[in-house]
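Student:
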Amino acid sequence: MPSLTALPLANGPAWRDRPAVLRGPDTWTWGELHAAAQALAAELPAGVTVCNLCHGRVGFLVGWLAALRQGCLQVLPPSGGPADLAALLGEAIEPVVLADDPLILQPGWDGLARCLVIRPERTAPAAPSWTPDAGHLRVRLYTSGSTGRPEAQDKTLAQLVQGAAVLGQCLEAELDGGLASLRGLVCSVPPQHMFGLEASVMLALVHGLPCLDERPLLPADVRAAFEGRNAGGGRWAWITTPLHLRALARAGDPLPHCGLALASTMPLAPGIAAQAEAHVEAPVLEIYGSTETGALALRRTAHEPLWRALPGVTLSPVAEGTEARGTHFTSPQILADRIEPQGEAGFRLLGRQADLIKIAGRRASLAGLNLLLQDLPGLDDGVFYLPESSEPTERLVLIHAGAPLDRAAVLAWLRERLDPAFLPRAFIHVDALPRSGPGKLARAALDAIYAQWVTQRRTP
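For the sequence shown, the positions run 225 to 684 when my numbering is used.
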């Protein structure tokens, strides 16, 4: 692992004039980011809790580095929902909310936290060199809540740095020309999520990769981001999710100047991965990991059915699921996922213990069923949902958004691929699925959609 004193985190002279964030026609250097962070740090009392809600990379990095300088606990929320954030602020000690857009802030937060709208200004990179106390600085992230209530997970800066170093080591081997062949990062994931923090913030800080300030989501916006930054040639890495890859594959347009697509947050169907590779003309790599651990394994999904553990990571089946050990997270961690070891460092991912469902005597993985939906013709976005019920005849429900579905055609397509026990008995159409920034779906949100649908059916 590189020494902390050699990283952009330390603001060494070798990094000061290197590009860090590309914002419109301007380029922020690492030195300018650190100078802006030093100015913001003067407004933060030491030891307060900082909740960084900034959308742009300049705002987030300035807030991130300022909080590190002041030794603050940094809390990254599980979602952008006002109720979730209000609950988080109510539990924090001396909370300070950072935002780069005043519309992010809610009126009710004034009594819960000090709210700062930051507008970083570029100044001469005169900030002195600085080495953080990486072993004591802590960051608090939250699990997605896809199987229950989001749970807090604390990490040290040293663990995050080590995780980015290990991930970069793997990408170095996957890319022709290594990381040096990349001009920078185009990020479609928010920095507040574990994958977004690890792949789009820490990867940039540890390896000196610049990133775009904006977060393109739609295929046309992603393509415009890549095309708009082609001056001088070179290729970019796209930090993305299976949802964005699926949208790109369905749009059918090529993505120019992409050297790598790195995806996580939910399973990626091999068929979608193959289609995406044809459009980006570059490897599409998928990360397996968790909020508790960060990245654990990697694979090129279109070509590899097996996962490869990252250097220093060992995964072992246990009664509760899988025991994970590594150098970049507190070990051991017990994960709910079940694996089947294959060879020295390879394994198959079999699904979660809590993810297994039993209907009419048949068993299946809910994640595996949802993975199948990625290939369903005509489906813009959807998820299988099993109501919590004591009814022995309870069946799956398909909650979907986008264009209306031909129910008969969908059932015919599913019938060829599923046991009849798992065919959905009801279709619930919504304007949009309540996905978080990384694309996760909280169980509580799906419960609310189903409860509302049941109520509407009972109302004359």
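Every residue gets a Cβ at the ideal spot worked out from N, C-alpha and C, and that includes glycine. Source: prediction; values computed, not measured.
1) Drop a sphere of 10 angstroms on the beta-carbon of Leu442, count the other beta-carbons inside from all chains shown, and report buried for 16 or more, exposed for fewer.
2) What span of residues does the beta strand (DSSP E) with Ile496 cover, start to end?
3) Does the Cβ-Cβ distance between Leu257 and Val245 come in under 8 Å?
4) For Glu564, does the three-state DSSP call read helix, strand or coil?
5) For Ala455, which three-state DSSP category applies?
6) In angstroms, rounded to a whole number, what distance separates the CA positions of Ala455 and Pro326?
7) Check whether the Cβ atoms of Thr465 and Met426 sit closer than 8 Å, and answer yes or no.
8) Give the secondary structure of Arg240 by DSSP, where H, G and I count as helix, E and B as strand, and everything else as coil.
9) Drop a sphere of 10 angstroms on the beta-carbon of Ile558, count the other beta-carbons inside from all chains shown, and report buried for 16 or more, exposed for fewer.
10) Would you kindly work out how many angstroms separate the C-alpha atoms of Asp357 and Leu233, rounded to a whole number?
11) Given Gly495, which residues of its chain have a CB within under 8 Å of its CB, disregarding the five upstream and five downstream residues?
12) Apart from the five residues just before and just after Pro611, which ones in its own chain have a Cβ nearer than 7 Å to its Cβ?
13) Cβ atoms of Arg346 and Trp252: under 8 Å apart, would you say?
14) Mind the definition here: the segment 369-388 touches the segment 466-476 only if three or more C-beta pairs lie below 8 Å; say whether that holds.
15) Since I believe Glu505 is in contact with Leu492 (beta carbons under 8 Å), could you give me their beta-carbon distance rounded to a whole number of angstroms?
16) Check whether the Cβ atoms of Glu422 and Ala548 lie closer than 8 Å to each other.
17) For the putative contact between Leu329 and Val321, defined by C-beta atoms under 8 Å, what is the C-beta separation to the nearest angstrom?
18) Quick one: residues in its chain with C-beta nearer than 8 Å to the C-beta of Gly314, no 5 flanking neighbours on either side, listed in chain order?
19) According to DSSP, Leu573 sits in a beta bridge with which residue or residues?
20) For the beta strand (DSSP E) holding Ile652, just list the boundary residues, first then last.
21) Using CA coordinates, which residue listed in Ser613, Val286, His431 is at the minimum distance from Trp239?
22) Taking the continuous alpha helix (DSSP H) assigned at Gln284, which residues delimit it?
23) I need the straight-line Cα distance from Pro249 to Thr546, nearest angstrom please.
24) Could you name the residues of the same chain whose beta carbon sits closer than 7 Å to that of Ala645, not counting the 5 residues immediately before and after it, in chain order?
25) With DSSP as the reference, label Ala323 as helix, strand or coil.
26) Taking contact to mean 3 or more Cβ pairs, one atom from each stretch, closer than 8 Å, check whether the segment 628-637 and the segment 602-610 are in contact.
27) Based on Cα-Cα distance, which residue from Leu289, Lys664, Asp437 lies nearest to Ala263?
28) If we count the other Cβ atoms within 10 Å of its Cβ and call it buried at 16 or more, is Arg293 buried or exposed?
29) In three-state terms, what does DSSP make of His481?
30) Thinking C-alpha only, which one of His279, Thr525, Pro556 is nearest Pro541?
31) Short check: CB of Leu539 to CB of Arg572, under 8 Å?
32) Leaving out the 5 sequence neighbours to the left and right, which residues in its chain are closer than 6 Å to His417 when beta-carbon positions are compared?
33) Rounded to whole angstroms, what's the CA-CA distance from Asp400 to Gly420? Just pull it up for me.
34) Going by DSSP, what residue range makes up the beta strand (DSSP E) through Gly545?
Tutor: This is what the structure gives:
1) When all chains shown are included, Leu442 counts as exposed.
2) Here Ile496 belongs to no beta strand (DSSP E); instead the alpha helix (DSSP H) covers 494-504.
3) yes
4) strand
5) Because the pLDDT at Ala455 is just 49, under 50, the model does not fix this residue reliably, and the point stays unresolved.
6) The pLDDT assigned to Ala455 is 49, lower than 50, so where the model puts this residue is not dependable; a value taken from the coordinates is nonetheless given after this. Answer to the nearest angstrom: the Cα atoms are 33 Å apart.
7) no
8) coil
9) exposed
10) 11 Å
11) Gln598, Asp599
12) Taken in chain order, the residues that qualify are Glu618, Val621, Tyr674.
13) Judged by beta-carbon spacing, Arg346 lies within the 8 Å limit of Trp252, meaning their Cβ atoms are closer than that value.
14) Using a C-beta cut-off of 8 Å, the segment 369-388 makes no contact with the segment 466-476, since fewer than three inter-stretch Cβ pairs fall below that distance.
15) Actually they are not in contact, since the Cβ atoms of Leu492 and Glu505 sit about 18 Å apart, beyond 8 Å.
16) no
17) 7 Å
18) Leu336
19) According to DSSP, Leu573 bridges with Ile563.
20) 650-654
21) Looking at the Cα atoms, His431 is the closest of the given residues.
22) Note that residue 284 is Phe in the sequence shown here, rather than Gln. That run of the alpha helix (DSSP H) goes 281-293.
23) 47 Å
24) Ile583, Ala584, Arg586
25) strand
26) yes
27) Leu289
28) For Arg293, the number of other beta carbons within 10 angstroms of its own is at least 16, and it is reported as buried.
29) coil
30) Pro556
31) no
32) Pro662
33) Rounded to the nearest angstrom, the gap between the Cα atoms of Asp400 and Gly420 is 24 Å.
34) Per DSSP, Gly545 belongs to the beta strand (DSSP E) from 545-549.
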